[in-house]
Every structure is written in C-alpha cells, then in structure tokens.
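In the UniProt record's numbering, the protein residues as written are 1 to 102.
C-beta: ideal position from N, C-alpha, C; glycine also.
It should be emphasised that the depicted structure is a prediction, and the values quoted were computed from it without experimental measurement.
What follows is a single structure, written as structure tokens, with notes after it.
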C-alpha cells in the first residue's frame with residue numbers, strides 16, 4: 001500500500017457508499033412512483049439524476065483508485081466525495097422525518 005491511512009479512508013468511504021445502495025434503491029422506487037404520475041420534463045430529469053447514483057458510484061470508485069495509485073491525492077479525495085451529492089439529501093430526509101415524526 002502506498003499510504004495506509006489514505007487507503008483505509010478510501011475503503012471505509014466506499015464501503016459506506018456500497019451499504020447505501022439498498023437505501024438508494026428504495027428512495028429511487030418512491031421517486032419513480034411519484035414522478036411518473038406527473039410526466040413533466042423536469043420530473044424526468046430529477047428521476048434520471050437520482051437514478052444515476054450507481055453509475056456515478058462505480059465511476060468514482062474506479063477513478064479514485066486510479067488516482068490513489070498515481071499519488072494524486074487531491075483528485076482522489078475530490079472524486080471519492082462525489083457520491084455524497086446523492087447520499088446527503090436522502091440522509092437529511094430520513095433525519096428530518098425521524099426528528100419531526102409526529
């Protein structure tokens with residue numbers, strides 16, 4: 001390993017991203033049911049954006065490990081943090097629903 005701490009960070013974050021796939025799948029299913037009723041262009045674009053998470057995740061994993069092996073730490077951290085764009089809104093939704101469950 002080139003840098004054990006960075007590799008551990010990479011493994012840990014990507015393991016979290018992979019564990020989040022079932023949660024994303026549920027969220028995507030709910031989005032699919034709600035947006036299909038509307039049928040608008042903006043709704044379809046949101047659906048495509050939400051549905052692109054697995055593709056972005058796999059691309060981010062590959063590019064992060066390539067950057068790690070090339071000692072390009074900044075690029076690795078930047079690309080590895082891209083899936084957070086999809087995870088954060090879903091987590092905030094669950095936290096908000098849990099706090100204000102009334």
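Which two residues bound the contiguous alpha helix (DSSP H) that contains residue 72?
For the purposes of this step, residue 72 is taken as the residue at position 72 of the chain shown. Element bounds for residue 72: n/a, residue is neither H nor E.
Taking the C-alpha atoms as reference points, what is the distance between residue 61 and residue 41?
Here residue 61 corresponds to residue number 61 of the chain shown, with the count starting at 1. Here residue 41 corresponds to residue number 41 of the chain shown, with the count starting at 1. About 30 angstroms.
According to the Cβ coordinates, are residue 19 and residue 80 closer than 8 angstroms?
For the purposes of this step, residue 19 is identified with residue 19 of the chain shown, where counting begins at 1. For the purposes of this step, residue 80 is identified with residue 80 of the chain shown, where counting begins at 1. No, the pair does not count as a contact, with Cβ atoms beyond the cut-off.
Provide the residue span of the alpha helix (DSSP H) that contains residue 89, from first to last.
Residue mapping note: residue 89 aligns to position 89 of the chain shown, counting from 1. Annotation for residue 89: the continuous alpha helix (DSSP H) segment containing it runs 84 to 99.
Hey, how far is the Cα of residue 29 from the Cα of residue 97?
Reading the chain shown from its first residue, position 29 is the one you call residue 29. Reading the chain shown from its first residue, position 97 is the one you call residue 97. Cα to Cα, residue 29 sits roughly 18 angstroms from residue 97.
If you check the beta carbons only, do residue 31 and residue 55 fall under 8 angstroms apart?
Here residue 31 is taken as the residue at index 31 of the chain shown, counted from 1. Here residue 55 is taken as the residue at index 55 of the chain shown, counted from 1. No, these two residues do not count as a Cβ contact at 8 angstroms.
Between which two residues does the alpha helix (DSSP H) holding residue 5 run?
Working through the chain shown from its first residue, we reach residue 5 at position 5. Residue 5 -> alpha helix (DSSP H) spans 4 to 19.
Hey, how far is the Cα of residue 12 from the Cα of residue 82?
Counting from 1 along the chain shown, the entry for residue 12 is found at position 12. Counting from 1 along the chain shown, the entry for residue 82 is found at position 82. Using only the alpha carbons, I get a separation of about 15 angstroms.
From residue 37 to residue 43, what does the alpha carbon distance come to, in whole angstroms?
The residue labelled residue 37 in the question sits at position 37 within the chain shown. The residue labelled residue 43 in the question sits at position 43 within the chain shown. Residue 37 and residue 43: Cα-Cα distance of roughly 9 angstroms.
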